[in-house]
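Chains as they are written, first to last, in the working numbering: chain A, 177 to 339; chain B, 1290 to 1417; chain C, -6 to 86.
Using N, Cα and C, we set each Cβ at its ideal position, and we do this for glycine too.
Worksheet for the structure shown next.
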C-alpha cells in the first residue's frame, strides 16, 4: 500500500482537482483523474518531501479554520480603518519577536500561511534554531496582546494537530 | 443588455453585496499601497485583496453561476486554493528581501537577526 | 419568479478594480525602492485576475475562469523570482 500509493492525501487532492477542473463526474474522468492522481505522486516520490505525522484531530482543524476566517474578517476591518483613518494611526507599526514552542515544519508552514493571510501581520524571519519568530505588525498597540493572540489562537491548535 | 445577467432577487442581493464589499476592499488595499509611508507598512495593503477581496469575488462568482446555470459551479475553489497558497510565499520572500537589503545598506530602523536581541523596533515614523 | 439584472453592480466592481490597478500603477512608477515596485506589480495581477472573473460574470461565460486560474497559478512565480533576485542577486543558485 505504502509503496504503490506513497501519498494518499495528495492523490485525493489531485483527483478532486481534476474533477473540479473538468466540472464533471463522468466515469471516464474518474478513471483519467485516478490515473493522474496515482502517477504524479508515484513518479515524484524520489523527491522525498518531508512527511507529516498522521493527520488527526479533525475537530481542532475545523475549529482553527473558523477562528482564522473570523480573524481575517476582523483584521481586514482593522487594517482598512488604519489605512483610511488619520495619519496618527499609521505611526505605531513595528517589528516584534515572538518566542515559539512549535518545532514541526508543517505546523510552522501553516502558521506562516495564517499570519501572512491575516492582514496586519507579516512573517519576516525565523531564527536558525526555530525558537524566535520576527513579525512586522501594522498596528503594534500592545506587544503582550499580540504574543498572547498568536500563541493562544494559532500555535496551540497547530501543535495539537501536528505534534 | 444581455439576458445572462438576470438572476432571481434572492440571489442578486448576496451577489451584489459581495461584489460591492470586494470592490471597496480592492480600492482600500490599493489606497494603502499609496498612502502608507514605508515598505514595511505597504506590504500589509495587498493582503486585503489577496484574502478577503479575492474571497468575496470568488464566492460571488460561484453563487452567480450556480444560480444562473442551475447546476453547481464550484471550480472557483481552485483559484481560492491557489491564491491562498501562493500569496503568503510572495509576501514572505519580499519581506525577507526588504529586511536583508536594508541590513546590507545599514539603514536605521531594521531589527537585528531574531534571537540575537529582544524587543521591538518601530517603523512608524519612517518615511520613504 | 422575479429576476433582476446585476449589471450596475458588476460595472461598479469593474470600476473599483480598475481604480485599484491605477493606484497600484502610481506606486509602481514612483518606487522609491525596488521592493515597492515588486509588490505593486504583484497586486496589479491579482487585480487583473479579479477583473477577468467579473468580466466572466458580465458575459455569463465560464471561459474567463480558465484564464483567471492561469494568472492565479503563474502570477506568483514572477514575484517570487524577483523577490529572490532582490534577496540574493541571483534567481537560480
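Can you give the beta carbon distance from residue i to residue j, rounded, assuming they're within the 8 Å contact cut?
i, j, result
"residue 5(C)", "residue 1312(B)", "6 Å"
"residue 1319(B)", "residue 298(A)", "Contact flag wrong, Cβ pair sits at about 18 Å."
"residue 1327(B)", "residue 1415(B)", "4 Å"
"residue 1323(B)", "residue 16(C)", "5 Å"
"residue 1418(B)", "residue 261(A)", "Residue 1418(B) cannot be examined here, being either before or after the span of chain B that is shown, 1290 to 1417."
"residue 280(A)", "residue 331(A)", "Their Cβ separation, rounded to whole angstroms, is 11 Å, which puts residue 280(A) and residue 331(A) out of contact at 8 Å."
"residue 1298(B)", "residue -5(C)", "5 Å"
"residue 7(C)", "residue 44(C)", "7 Å"
"residue 12(C)", "residue 1316(B)", "6 Å"
"residue 1372(B)", "residue 1343(B)", "5 Å"
"residue 317(A)", "residue 1329(B)", "About 17 Å separates the two Cβ atoms, so there is no contact after all."
"residue 1303(B)", "residue 1352(B)", "6 Å"
"residue 308(A)", "residue 273(A)", "5 Å"
"residue 195(A)", "residue 201(A)", "6 Å"
"residue 1301(B)", "residue 10(C)", "With a Cβ gap of about 20 Å, residue 1301(B) and residue 10(C) do not count as contacting."
"residue 69(C)", "residue 1369(B)", "Rounded, the Cβ-Cβ distance is 14 Å, inconsistent with contact."
"residue 1335(B)", "residue 29(C)", "That belief does not hold up - the Cβ atoms of residue 1335(B) and residue 29(C) are roughly 11 Å apart, past 8 Å."
"residue 337(A)", "residue 243(A)", "That belief does not hold up - the Cβ atoms of residue 337(A) and residue 243(A) are roughly 13 Å apart, past 8 Å."
"residue 65(C)", "residue 42(C)", "5 Å"
"residue 276(A)", "residue 306(A)", "7 Å"
"residue 1364(B)", "residue 199(A)", "6 Å"
"residue 319(A)", "residue 310(A)", "13 Å between Cβ atoms; not a contact."
Cβ atoms of residue j and residue i: under 9 Å apart, would you say?
i, j, result
"residue 1377(B)", "residue 1388(B)", "no"
"residue 18(C)", "residue 37(C)", "yes"
"residue 186(A)", "residue 216(A)", "yes"
"residue 1379(B)", "residue 72(C)", "yes"
"residue 283(A)", "residue 334(A)", "yes"
"residue 232(A)", "residue 183(A)", "no"
"residue 76(C)", "residue 1382(B)", "yes"
"residue 1340(B)", "residue 259(A)", "no"
"residue 1296(B)", "residue -3(C)", "yes"
"residue 1386(B)", "residue 21(C)", "no"
"residue 188(A)", "residue 213(A)", "yes"
"residue 218(A)", "residue 245(A)", "no"
"residue 1331(B)", "residue 1325(B)", "yes"
"residue 257(A)", "residue 265(A)", "yes"
"residue 206(A)", "residue 191(A)", "yes"
"residue 1402(B)", "residue 303(A)", "yes"
Within 9 Å (strictly less), CB to CB, does residue i reach chain E?
i, result
"residue 1336(B)", "Looking at the structure shown, chain E is missing, and the protein chains on hand are A, B and C."
Which runs of the beta strand (DSSP E) at least 3 residues long sit entirely within the region 18 to 68 of chain C? Give them in chain order. none
May I ask you to list, following chain order, the residues of the region 26 to 44 of chain C that have a beta carbon less than 9 Å from some beta carbon of chain B? 26, 27, 28, 29, 31, 32, 33, 35, 36, 39, 40, 42 and 43
Would you call the region 280 to 300 of chain A in contact with the region 1345 to 1363 of chain B, where contact means no fewer than 3 C-beta pairs closer than 8 Å? no
Taking any Cβ of chain B, which residues in the region 186 to 208 of chain A have a Cβ under 7 Å from it, in chain order? 193, 196, 197 and 199
Inspect the CB distances between the region 267 to 276 of chain A and the region 1349 to 1363 of chain B and report whether three or more fall short of 8 Å. Segments in contact, no.
Got a sec: which bits of the region 1293 to 1318 of chain B sit with their beta carbon under 8 Å from any beta carbon on chain C, in order along the chain? 1293, 1294, 1295, 1296, 1297, 1298, 1301, 1304, 1305, 1308, 1309, 1311, 1312, 1313, 1315, 1316 and 1318
Given a limit of 7 Å on CB to CB distance, which residues of the region 262 to 275 of chain A reach chain B? 266, 267, 268, 269, 270, 271, 272 and 273
Using a Cβ-Cβ cut-off of less than 7 Å, list which residues of the region 214 to 243 of chain A approach chain B; keep chain order. none
Contained beta strand (DSSP E) runs [length at least 3] in the region 202 to 279 of chain A, N- to C-terminal order: Entirely contained in the region 202 to 279 of chain A, the beta strand (DSSP E) runs reaching 3 residues are, in chain order, 270 to 275.
Proximal residues, the region 303 to 314 of chain A versus chain B, C-beta separation under 8 Å: 303, 304, 305, 307, 308, 309, 310, 312 and 314
Beta carbons nearer than 8 Å to chain C: which residues of the region 1369 to 1389 of chain B have them? 1371, 1372, 1375, 1376, 1378, 1379, 1382, 1383, 1385, 1386, 1387 and 1389
Interface positions of the region 283 to 294 of chain A facing chain B (Cβ-Cβ less than 7 Å), listed along the chain: 288, 289, 292 and 293
Under 7 Å (Cβ pairs) to chain B, residues found in the region 61 to 80 of chain C: 61, 62, 65, 66, 69, 72, 73, 76, 77, 79 and 80
Using a Cβ cut-off of 8 Å, which residues of the region 1328 to 1352 of chain B contact any Cβ in chain C, in chain order? 1328, 1331, 1332, 1334, 1335, 1338, 1339, 1342, 1343, 1346, 1347, 1349 and 1350
As an exercise, report each continuous alpha helix (DSSP H) stretch of at least 4 residues that is fully enclosed by the region 1342 to 1374 of chain B, in chain order. Runs of the alpha helix (DSSP H) lying entirely within the region 1342 to 1374 of chain B and spanning at least 4 residues, in chain order: 1343 to 1357.
Along the region 8 to 26 of chain C, where does the CB come closer than 7 Å to a CB of chain B? Name the residues. 9, 10, 12, 13, 16, 17, 19, 20, 25 and 26
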